[in-house]
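J.:
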Amino acid sequence: MKRLKFSKKAGDIPLLICVFAMACFGCLMIYSASSYTAEVQYGDSLYFVKKQILGVVLGTAAMIGVSFLPYRKLIGFRFPAVIIAVILLVLVFVPGVGITNYGATRWIGFGGVTIQPSEIAKYAYALFTAAYFAKNYEKVKTVKGVLPVLGMGMVFCLLIIIEPNMSITMCVGMLMLGLIFLSGTNLKTFAVVLAPFIIAVPLLIILEPYRLQRLSAFIDPWASPKDEGYQLIQSLYALGNGGPFGTGLFNSTQKYRFLPFAESDFILSIMGEELGFVGLLIFFFFCGFIIYRGFKIAKNSKDKFGFLLASGFTLVYGIQVVVNALVVSGAIPPTGLPLPLISSGNTSLIITMASMGVLYNVSRGD
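Numbering of the sequence shown is given in numbering that gives the first Met the number 0, commencing with residue 0 and proceeding in unit increments.
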């Protein structure tokens, strides 16, 4: 395979083009998935897509702006980043600031602006971990040496799980393990770190009745077709209806309020229905392209901080894509998690596009 070479002046332009194109494609799919619901609920079929277009504009500005900020300067932002992220996660539980929807308090609101702090926390944690291991690379082979990374990760996981938000908690946990592994630790230390996570997952499921219900629905969704199993069944109907080539753009039937969260967490199901299996393969090709370029940028970076920073940001994107795909296809228990760059939601969109700007800057070698 031909080795990628990046010009310091140009950087990885194809990555930025692909990210922008995916964000625009997301607006198209959000319109298709939400137009009927938006018309019924808000009297405006463009309600959700208008917000998403604003997110694309802001995200593009953030991506371009960040791409010219030398990534090495981000080392100095590692502590402010995690402090701000923790404060935002705590504000979720402050009455009058935190916003509760569908039994979960995952957002904060200021005026007409709504933010999901957990989306910011993932990238703040990746930045903190990359900076710590870059400065303390000689400590990565001992459990004591990775304790600061574990401790900060556990703080984030604790604050996110009590929202509750199991999906983002799992993403942060997988990000933590991925970065520790990539830091160059030995297998013994990694095994010691991994063991508590293996124990924690079943415990977190057992401790919350609704998670047990979701697990039961995952095992046999048709046992509760009108309750916990409903969303997964509707998602499978959408994917099955799409067949090899889909029903055609804008021709989904599940978006007519059969499938909940069709414009956000389960937008991939609508894509599968309208574009078919072949369409999804093409979509995942471009997702893989972003992941591939991200890890290539990491591999070609000039220092350990650039390697871990690019790897961390790429992992955040890749983990969410994979988990979302597994959820909507019924491969793992249902959980709420947006599809990066595609699902409705400006916090995720803007932060993800900004992170891609950082990857671009790493590719320039600034």
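For every residue, glycine included, the Cβ atom is placed at its ideal position computed from N, Cα and C. Every value quoted in this text rests on a predicted model; they were computed, and no experiment measured them.
1) Comparing alpha-carbon positions, which option in K301, G177, L336 and G287 lies nearest E262?
2) In whole angstroms, what is the alpha-carbon distance linking G228 and P259?
3) Ends of the alpha helix (DSSP H) at A324?
4) Within the chosen definition, does the stretch 182–198 reach the stretch 132–147 through at least 3 CB pairs nearer than 8 Å?
5) Which whole runs of the alpha helix (DSSP H) in the stretch 71–130 are 4 residues long or more, in chain order?
6) Would you decide whether N250 is buried or exposed? Buried here means 16 or more other CB atoms lie within 10 Å of its CB.
7) What residue does the alpha helix (DSSP H) around G25 start on, and which one ends it?
8) Should N164 go down as buried or exposed, given a rule of 16 or more other Cβ atoms within 10 Å for buried?
9) Starting from the Cα of I349, find the closest Cα among K50, D11, V55 and L14 and give me that residue.
10) Which residues in the same chain as I296 place their Cβ atom closer than 7 Å to its Cβ, once the five residues preceding and following it in sequence are excluded?
11) Could you tell me whether the stretch 97–109 touches the stretch 147–157, using the rule of 3 or more Cβ pairs below 8 Å?
12) Under the rule that 16 or more other beta-carbon atoms within 10 Å means buried, what is F244, buried or exposed?
13) Tell me which same chain residues have a C-beta within less than 6 Å of the C-beta of W106, skipping the five on either side of it?
14) Mind checking which residues open and close the alpha helix (DSSP H) that includes E262?
15) According to the Cβ coordinates, are A37 and L45 closer than 8 Å?
16) Using a Cβ-based criterion (distance less than 7 Å to any ligand heavy atom), does G239 qualify as near the ligand GDP?
17) In or out: F78 buried (at least 16 other Cβ within 10 Å) or exposed?
T.: On the basis of the data shown:
1) L336
2) 12 Å
3) K303 to V327
4) yes
5) 77–90
6) exposed
7) I12 to Y41
8) buried
9) V55
10) D11, A309, L358, V361 and S362
11) no
12) exposed
13) I98, T113 and Q115
14) Taken as a continuous stretch (DSSP letters only), E262 belongs to no alpha helix (DSSP H), as it is neither H nor E.
15) yes
16) No copy of the ligand GDP appears in this structure; indeed no ligand is present at all.
17) exposed
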